[in-house]
Amino acid sequence: MVRISLANIFEQYPDRHYIMFGGKGGLGKTTFSAATAYYLAKKGKRVLVFSVDPQASLSDIFKKDIFGKGPTEIMPNLYAQEIDADRRVKEYQEEIRKKILEMYGMEKIPEEIESYIQAAAAEPAMEESAIFDEVVDIVVKGGYDYYIYDLVPLGHALYYLSMASVYDEWIDKITSLRQQMREYDQVAAVIRRDKELDEDAILNELLYIKDRINKSSNILTDKQKTAFFFVVTAEEMIINDTLKAGELFAKFDVPLSGYIVNRVLPASLKEQNIPEYLRNRLTMQEHYLKVIDEVFKGQILAFVSEMERDITGLTMIEKIAKNMFGDF
Ligand SMILES: Nc1ncnc2c1ncn2[C@@H]1O[C@H](COP(=O)(O)OP(=O)(O)OP(=O)(O)O)[C@@H](O)[C@H]1O
Ligand SMILES: [Mg+2]
């Protein structure tokens, strides 16, 4: 039987321009994101791999400080970007200050309001929304054949997804309320011009946010344009968590393209004179690889070996890419 391979999937679905690797913390999402970017760039595609993680590690894997520097060329066709959420939050704060000063004709922001602006910026949700905003900018701007999202660990990615749908519902409610009110206003012929204009500005702002959120969450759930892969390892807890996560993602209509098994110890070690400890690990792995085969029936796209060292620099990235995609 011919297994569908990762390389096949990319050939078969050339319209899937948004590539994501999901999985628990530390399983290899960033590693696979970088390796996939490397593979596609070598194939002549223009690729941007960008991190949506405040604890981004693309700088580490590419051995180049790219934080907050916008898309940075790593090699021909391959660009990487680490989003500086802090800077974006500071820009928000500045915008809010400016608006307040303009609206109320003030010279200086009152202290209470300033401390409120400071406190709001410290909210984790602020950082998330700053990143969210920047991601929308990146994909709306265009210019690449492929966009590879270096995602945060699962729980967080789910939060991000659910935030998009909650936000969306909330804005729907507000906009429909606002529209109802506008109709009511007309019937009652209560015309307060100034106030109405203000409210329309708010409505427009909400519609703008809604449109941006829709753009980015639509990408996540668009089977034509998006490929979402799960990274898994041959361990009981990881398999169980990945199964649960797969179900949750299905609830949010995220189309799953398949699973990639990482950190597989070479089976040939078994023939060698190895310590008991390693033999136990190999036996355990053998068992869980069978489990993986059963539970993710026909959806495993690649097995990637445990390398002799951690994955940083293009030589190691290429090794991983060859494991993932075969020789190229
Ligand atoms: N096949 C492999 N062989 C050897 N080391 C690996 C392999 N895959 C990943 N690693 C190493 O494991 C560590 C975690 O990998 P990585 O950063 O890609 O995980 P992650 O899923 O992105 O983690 P996080 O959830 O924290 O973002 C890194 O040090 C990486 O070099
Ligand atoms: Mg990572």
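Under this note's numbering, the first residue of the sequence shown carries the number 35, and numbering increases by one thereafter. Ideal Cβ placement from N, Cα and C applies to all residues, glycine included.
Can you tell me whether Asn296 is helix, strand or coil according to DSSP? For the purposes of this step, residue 296 is identified with residue 262 of the sequence shown, where counting begins at 1. For Asn296, the secondary structure class from DSSP, reduced to helix, strand or coil, is strand.
Of the choices Lys77, Ala279 and Gly60, whose alpha-carbon is the least far from that of Lys356? Mapped onto the sequence shown, residue 356 falls at position 322. Residue Lys77 is the option with its Cα nearest to Lys356.
Can the beta-carbon of Phe84 be found less than 8 Å from the beta-carbon of Ile172? In the sequence shown, the residue the question calls residue 84 occupies position 50. In the sequence shown, the residue the question calls residue 172 occupies position 138. A contact, by the Cβ cut-off of 8 Å.
Margin query: Three or more C-beta pairs under 8 Å: does that hold for the segment 105 to 117 against the segment 144 to 155?
Written below: Touching, no.
Could you tell me the alpha carbon to alpha carbon distance between Ile165 and Pro158, rounded to whole angstroms? As a working mapping, residue 165 is identified with position 131 in the sequence shown. As a working mapping, residue 158 is identified with position 124 in the sequence shown. Cα to Cα, the separation comes out at about 11 Å.
Q) Does the separation of the CB atoms of Ile294 and Lys58 fall below 8 Å? A) Here residue 294 refers to the residue found at position 260 when the sequence shown is read from its first residue. Here residue 58 refers to the residue found at position 24 when the sequence shown is read from its first residue. The answer is no: Cβ separation not under 8 Å.
Next item on the list: May I ask you to report which of helix, strand or coil DSSP gives Gly56?
Entry: Here residue 56 is taken as the residue at index 22 of the sequence shown, counted from 1. Reduced to three states, the DSSP call for Gly56 is strand.
(message) At the level of alpha carbons, what is the spacing between Phe283 and Tyr138?
(response) Working through the sequence shown from its first residue, we reach residue 283 at position 249. Working through the sequence shown from its first residue, we reach residue 138 at position 104. Between the alpha carbons of Phe283 and Tyr138 lies a distance of about 45 Å.
Beta-carbon within less than 6 Å of Phe359's beta-carbon, same chain only, minus the 5 sequence neighbours each way: which residues are those? As a position in the sequence shown, residue 359 is number 325, starting the count at 1. Excluding residues within five positions, the ones whose Cβ falls inside 6 Å are Leu40, Ala41 and Tyr73.
Is the closest heavy atom of ligand 2 to the C-beta of Lys76 under 7 Å?
Along the sequence shown, read from residue 1 onward, the residue named residue 76 stands at position 42. Not so, every heavy atom of ligand 2 lies at least 7 Å from the Cβ.
Which residue or residues does DSSP assign as beta-bridge partners of Tyr126? Taking the first residue of the sequence shown as position 1, residue 126 is located at position 92. In the DSSP assignment, no residue is bridged to Tyr126.
Closest by CA to Ala156, which one among Leu299, Arg122, Lys132 and Met109? Within the sequence shown, numbered from 1, the residue matching residue 156 stands at position 122. Ranking Leu299, Arg122, Lys132 and Met109 by Cα distance to Ala156 puts Arg122 first.
For Glu148, the first and last residue of its enclosing alpha helix (DSSP H):
Counting from one through the sequence shown, the residue named residue 148 turns up at place 114. Segment Glu145 to Ala156, the alpha helix (DSSP H) holding Glu148.
Sorted by chain position, which residues of the same chain lie with C-beta nearer than 8 Å to Val36's C-beta, five sequence neighbours on each side aside?
By 1-based counting over the sequence shown, the position of residue 36 is 2. For Val36, the predicted model reports a pLDDT of 49, less than 50, meaning its position is unreliable and no value from the coordinates is stated.
### Query
Quick one, are the C-beta atoms of Asp245 and His51 less than 8 Å apart?
Working through the sequence shown from its first residue, we reach residue 245 at position 211. Working through the sequence shown from its first residue, we reach residue 51 at position 17. Cβ distance not < 8 Å, so Asp245 and His51 don't count as in contact.
Should Gly347 be labelled buried (16 or more other beta-carbon atoms within 10 Å of its own) or exposed?
Reading the sequence shown from its first residue, position 313 is the one you call residue 347. Exposed is the call here.
Problem - Three or more C-beta pairs below 8 Å linking the segment 87 to 103 and the segment 328 to 340 - result: Touching, no, given that fewer than three Cβ pairs across the two stretches are closer than 8 Å.
For this session: Please confirm whether Phe96 and Ala68 have their CB atoms less than 8 Å apart.
Result: The count along the sequence shown starts at 1 and reaches residue 96 at position 62. The count along the sequence shown starts at 1 and reaches residue 68 at position 34. Yes; because the gap between Cβ atoms is below 8 Å, this pair is in contact.
- prompt: Taking the runs of the beta strand (DSSP E) that are 3 residues or longer, which of them lie wholly in the segment 299 to 345?
  reply: 334 to 339
- For Leu81 versus Val169, is the C-beta distance shorter than 8 Å? As a first step, residue 81 must be located in the sequence shown, where it is residue number 47. As a first step, residue 169 must be located in the sequence shown, where it is residue number 135. According to the sequence provided, residue 81 is Val. The question's Leu does not apply to it. Result no, Cβ atoms of Val81 and Val169 do not sit closer than 8 Å.
Where Ile225 sits in the DSSP three-state scheme: Mapped onto the sequence shown, residue 225 falls at position 191. Note that Ile225 scores a pLDDT of 48, beneath 50, so its modelled location is shaky; the value from the coordinates is reported in the next line. DSSP places Ile225 outside both helix and strand once states are collapsed to three, so it counts as coil.
key: Assigned secondary structure, Ile100 (DSSP; H/G/I helix, E/B strand, else coil)   = Against the sequence shown, residue 100 aligns to sequence position 66. In this structure, Ile100 counts as coil in the three-state DSSP scheme.
**Study point:** Of the residues Ile130, Val265, Ala90 and Ser210, the one placed nearest Ala154, counting alpha carbons only
**Key:** As a first step, residue 154 must be located in the sequence shown, where it is residue number 120. Measuring from the Cα of Ala154, the nearest candidate turns out to be Ile130.
- Query: What do you reckon, is the C-beta of Ile345 under 7 Å from a heavy atom of ligand 1?
  - Reply: As a first step, residue 345 is located in the sequence shown; it is residue number 311 there, counting from the start. Under cutoff, so the answer is yes.
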